[in-house]
Amino acid sequence: MVIEEKAKPAWIEVNLDAVARNTSRVKKLIGDGVRLLAVVKGDAYGLGMVPVAHTVISHGADLLGVTHPDEGVILRNEGIDAPIFIFRPLLPGEEDLVINYQLTSSISSLEQAERLSERARVYGIKVPVHLKVETGLGRTGFLPVAIKEHADRLFSLPGLKWEGIYTHFASAAGDPQFTRQQFRIFQAVVGDLKKRGIQFPLCHVCNSAAALLYPEMRLDMVRIGTLLYGENPPGVKDDLGLEESWSLWSRVIHIQKLEKGMRVGYGRTHRVSKDTTMAVIPVGYRDGFGVDVTPHPAGLIDLTKVIAKIILDFLGFPVGKLYVDINGTPAPVLGRVGMELTCIDVGKIPGIELGTPVRLMARRTVIRESIPKRYCMQETAGNSDA
Ligand SMILES: *Cc1c(COP(=O)(O)O)cnc(C)c1O
Numbered sequence: 000m001v002i003e004e005k006a007k008p009a010w011i012e013v014n015l016d017a018v019a020r021n022t023s024r025v026k027k028l029i030g031d032g033v034r035l036l037a038v039v040k041g042d043a044y045g046l047g048m049v050p051v052a053h054t055v056i057s058h059g060a061d062l063l064g065v066t067h068p069d070e071g072v073i074l075r076n077e078g079i080d081a082p083i084f085i086f087r088p089l090l091p092g093e094e095d096l097v098i099n100y101q102l103t104s105s106i107s108s109l110e111q112a113e114r115l116s117e118r119a120r121v122y123g124i125k126v127p128v129h130l131k132v133e134t135g136l137g138r139t140g141f142l143p144v145a146i147k148e149h150a151d152r153l154f155s156l157p158g159l160k161w162e163g164i165y166t167h168f169a170s171a172a173g174d175p176q177f178t179r180q181q182f183r184i185f186q187a188v189v190g191d192l193k194k195r196g197i198q199f200p201l202c203h204v205c206n207s208a209a210a211l212l213y214p215e216m217r218l219d220m221v222r223i224g225t226l227l228y229g230e231n232p233p234g235v236k237d238d239l240g241l242e243e244s245w246s247l248w249s250r251v252i253h254i255q256k257l258e259k260g261m262r263v264g265y266g267r268t269h270r271v272s273k274d275t276t277m278a279v280i281p282v283g284y285r286d287g288f289g290v291d292v293t294p295h296p297a298g299l300i301d302l303t304k305v306i307a308k309i310i311l312d313f314l315g316f317p318v319g320k321l322y323v324d325i326n327g328t329p330a331p332v333l334g335r336v337g338m339e340l341t342c343i344d345v346g347k348i349p350g351i352e353l354g355t356p357v358r359l360m361a362r363r364t365v366i367r368e369s370i371p372k373r374y375c376m377q378e379t380a381g382n383s384d385a
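0 is the number of the first residue of the sequence shown in numbering that gives the first Met the number 0; add one for each residue after it.
So this is what it looks like as structure tokens:
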């Protein structure tokens with residue numbers, strides 16, 4: 000890829016052609032009968048919400064999914080007229096935003112439904128909504144008993160148009176038994192409501208992992224993020240040929256000889272074991288580099304793994320070690336990542352100069368949103384063959 004002439008300390012390259020082709024691949028997987036809701040929350044998982052939204056829409060996504068109504072407002076102001084789906088419950092007072100920007104809301108409580116319906120009546124319209132069912136993630140939505148209890152009131156509210164019903168899986172990639180159980184609970188709720196004469200045009204439960212693993216659960220629509228950006232859910236394989244779409248770059252700003260025995264960085268945690276050359280790059284934990292989300296251990300086995308990793312790391316074994324990539328060669332990070340500077344060992348890599356580009360391995364969604372992005376797009380919009 001072309002590197003900008005003007006030196007930037009760090010930048011992100013986003014390959015929109017890859018996103019476009021991944022979208023087409025997912026479309027092909029799910030077929031014509033299933034709608035595609037492209038999830039662009041979290042700044043499109045770090046790629047940039049607006050450019051990604053245009054790309055996925057022009058390559059066949061039917062709806063966009065975001066967490067907050069404000070994200071929907073930004074998308075509307077960018078001229079996007081596809082339906083925009085808001086995942087989280089609305090705060091009191093956000094109803095007018097939803098109405099004025101024609102957003103589609105998730106309904107997770109009776110109070111929320113009543114507030115929205117009331118405002119819709121003032122405007123003399125009906126707002127499209129989806130009923131969120133809590134089947135085991137333990138987060139938002141109606142428990143099946145609450146739906147039974149409130150059904151009469153919910154489905155007679157005059158300001159709401161019930162366009163869909165959905166749930167979200169707790170462990171689609173990791174726990175088939177629990178996923179099937181959630182699906183059964185969901186199907187039972189849909190079945191009960193159907194018996195009462197209440198039907199929904201769009202029933203949906205699948206995220207990326209479930210859409211890959213359980214074709215029978217795709218129903219009317221799937222909600223896909225991860226796959227569009229070229230990744231697989233952890234531990235799930237596919238034969239879609241997805242392409243990576245994102246990379247984080249920095250460049251060498253300082254080169255220094257290190258002698259055996261010297262210490263590197265805050266806390267003096269790294270001891271240099273033989274003479275080498277070090278390079279410094281202007282990226283640190285403030286940019287999200289070296290930051291990872293460590294889940295709470297799920298059980299004793301998990302806990303043992305976490306402890307083993309910490310001990311091995313302390314003893315100097317290369318577990319969970321951070322690497323960067325220079326011309327295709329891995330270079331280890333030395334010592335702690337600083338706030339805005341990181342040291343790397345380039346002793347084994349020839350030809351390092353000031354300005355040499357360095358590719359960083361990082362978790363997209365924790366990388367600072369304001370790092371400048373360079374978009375690469377060769378295909379013309381609307382061309383959807385993959
Ligand atoms: C984030 C999200 C998704 C997308 O999940 P992926 O695994 O990235 O495909 C789907 N549905 C809801 C409700 C989400 O919050």
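Think of the CB as a built atom: it goes at the ideal place given N, C-alpha and C, for glycine as much as any other residue.
In this structure, does DSSP put residue i in helix, strand or coil?
i, result
"TYR322", "strand"
"VAL13", "strand"
"ILE124", "coil"
"ARG20", "helix"
"LEU153", "helix"
"LYS131", "strand"
"SER383", "Note that SER383 scores a pLDDT of 41, beneath 50, so its modelled location is shaky; the value from the coordinates is reported in the next line. SER383: coil per DSSP, three-state reduction."
"LYS7", "coil"
Going by alpha carbons, who is nearest to residue i out of the options?
i, options, result
"LEU109", "ARG363, ILE83, ASN99 and VAL144", "VAL144"
"GLU242", "GLY64, LEU311, GLY234 and LEU227", "LEU227"
"THR275", "LYS256, VAL292 and ASP174", "LYS256"
"SER104", "TYR165, GLY123 and PRO371", "TYR165"
"PRO296", "PHE288, GLY289, LEU46 and VAL305", "VAL305"
"LEU156", "ALA208, ALA112, GLY137 and GLY264", "ALA112"
"GLY140", "PRO88, VAL13 and LEU159", "PRO88"
"VAL282", "SER244, GLU148, VAL332 and PHE313", "VAL332"
"ILE252", "PRO356, TRP245 and GLY135", "PRO356"
"LEU218", "ILE146, GLY234 and PHE182", "PHE182"
"MET48", "GLY123, VAL65, SER23 and GLY32", "VAL65"
"GLY45", "ILE11, ASP69 and LEU36", "ILE11"
"VAL323", "GLY240, TRP248 and VAL290", "TRP248"
Where does the unbroken alpha helix (DSSP H) through residue i begin, and where does it stop?
i, result
"VAL186", "Per the sequence shown, residue 186 should be read as Gln rather than Val. Residues 175-194."
Can you tell me where the beta strand (DSSP E) holding residue i begins and where it ends?
i, result
"THR54", "Counting along the chain, THR54 falls outside any beta strand (DSSP E), though it belongs to the alpha helix (DSSP H) covering 48-57."
"ALA37", "34-38"
"LEU63", "62-65"
"TYR165", "159-165"
"VAL279", "275-280"
When you compare the CB positions of residue i and residue j, do they come within less than 8 Å of one another, or not?
i, j, result
"ILE83", "LEU102", "yes"
"LEU115", "VAL97", "yes"
"MET360", "LEU15", "no"
"VAL39", "ALA19", "no"
"MET216", "LEU201", "no"
"ASP95", "ALA81", "no"
"VAL365", "GLY287", "yes"
"VAL279", "LEU340", "yes"
"ILE106", "HIS129", "yes"
"ARG120", "GLY163", "no"
"THR174", "LEU211", "Sequence inspection shows Asp at residue 174; the Thr mentioned does not correspond to that position. No; because the gap between Cβ atoms is not below 8 Å, this pair is not in contact."
"ALA169", "ALA208", "no"
"LEU391", "LEU239", "For residue 391 there is no data in the structure shown, the boundaries of the chain being 0 and 385."
"GLY354", "ARG285", "no"
Q) Which runs of the alpha helix (DSSP H) spanning at least 4 residues fall entirely within the stretch 70-124, listed in chain order? A) If one requires a minimum length of 4 residues, the alpha helix (DSSP H) runs lying completely within the stretch 70-124 are 94-99 and 109-122, in chain order.
Q) Fully enclosed by the stretch 202-271, which alpha helix (DSSP H) runs are 4 residues long or longer? A) If we require 4 residues or more, the alpha helix (DSSP H) runs fully inside the stretch 202-271 come out as 207-212.
Q: With a floor of 4 residues, list each alpha helix (DSSP H) that falls wholly inside the stretch 288-376, ordered by position along the chain.
A: Fully enclosed alpha helix (DSSP H) runs of no fewer than 4 residues occupy 299-313 of the stretch 288-376, in order along the chain.
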